[in-house]
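Our numbering applies: residue 1 is where the sequence shown begins, and numbers increase by one.
For each residue, glycine too, the CB sits at the ideal point set by N, CA and C.
Keep in mind it's a predicted model, so treat the numbers as computed, not measured.
Below is one structure, written out as structure tokens; comments come after it.
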Amino acid sequence: MIEIISPSRLPRAREAGALVGDILHTARTRCTVGTNLLEIDGWARSMIEDAGATSCYVDYAPSFGRGPFGHHICTSVNDAVLHGLPSDRTVADGDLVTLDLAVSLGGVVADAAVSFVVGSPRPEDLALIDTTERALAAGIAAAVPGNRLGDVSHAIGTVLTGDGYPVNTEFGGHGVGSTMHQDPHVANTGRPGRGYALRPGLLLALEPWVMVGTDRLVTDADGWTLRSATGSLTAHSEHTVAVTQDGVEVLTLPPHLRG
């Protein structure tokens, strides 16, 4: 079922989105060489609890995982790209880190992810992240009333494939609302003019992600962390957006980018 929120719930969605943006920004700022992934999980837990919110990941137990997840944020490093289970690992200079967070506040969920390099970045790592960020921006620009899901997927996929990255279609964006993962599925490639017609009140988590040289994933022994099958680097960018009467509103911006 596709959930359409009422105009009265949009302020709650904005609050949830702002919290996600704040937590990800804070964790990114604090994360330095030597930071432990469990520290990041602790920071997220503290900020979520202080806000009176709940993490959507603690009790998350889908069919593809070895649940429940049991942590508050996903922490993926280098060749890991999705559902990175926080572990007793410290971040090294040059590591490419992805943080993915979904919280529920006031009965509405917001979901976002950010990739960044800790310490000294390589140009090719920054280019990989830039591709996902530009693909996300293209998807957001297409998520307006009257367009269709295929328009969003096509906009994302055009950037990803145009930069030479293969696209995995097992995991992509999705609807959010009162729960974290809802219909519709938003693939990271698609045909324009096809699929569900976007309408005001629809909340979408758009999340382009790529792996260098492959579209195939493998699962860690922890039952959760998804990695590039070839050990290549990965990146993942995500925002929750609201389709509105006037266009589209990004709900999960970091504090310095909010108006």
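Kindly indicate the opening and closing residues of the beta strand (DSSP E) around residue i.
i, result
"Glu249", "247-250"
"Ser228", "226-228"
"His185", "182-186"
"Gly175", "173-176"
"His239", "239-244"
Name the DSSP bridge partner or partners of residue i?
i, result
"Cys74", "Asp100"
"Thr234", "Met211"
"Ser55", "Val103"
Can you tell which of the options has the C-alpha that lies nearest to the C-alpha of residue i?
i, options, result
"Leu140", "Gly34, Ser237, Asp22", "Going by the sequence as given, residue 140 is Ile instead of Leu. Nearest of Gly34, Ser237, Asp22 to Ile140, Cα basis: Ser237."
"Leu101", "Arg45, Gly107, Phe116", "Arg45"
"Pro86", "Asp151, Gly94, Ala92, Val77", "Val77"
"Ser115", "Thr158, Thr90, Ala80", "Ala80"
"Leu204", "Leu226, Asn188, Val97", "Asn188"
"Trp279", "Arg66, Gly247, Tyr165, Glu3", "In the structure as shown, the chain begins at 1 and stops at 259. Residue 279 is therefore absent and cannot be evaluated."
"Ala229", "Asp222, Ala242, Leu217", "Leu217"
"Gly164", "Leu128, Leu136, Ala155", "Leu128"
On the CB-based measure, 16 or more other CB atoms within 10 Å of its CB, does residue i come out buried or exposed?
i, result
"Ala13", "buried"
"Ile73", "buried"
"Ile48", "buried"
"Asp183", "exposed"
"Phe69", "buried"
"Pro208", "buried"
Do residue i and residue j have their CB atoms nearer than 7 Å?
i, j, result
"Ala16", "Ala110", "yes"
"Thr240", "Val176", "yes"
"Pro145", "Arg191", "no"
"Tyr196", "Leu253", "no"
Looking at the secondary structure, which residues open and close the alpha helix (DSSP H) in which residue i lies?
i, result
"His256", "Counting along the chain, His256 falls outside any alpha helix (DSSP H), and DSSP gives it neither H nor E."
"Asp111", "That residue, Asp111, is in no alpha helix (DSSP H); its beta strand (DSSP E) goes 108-117."
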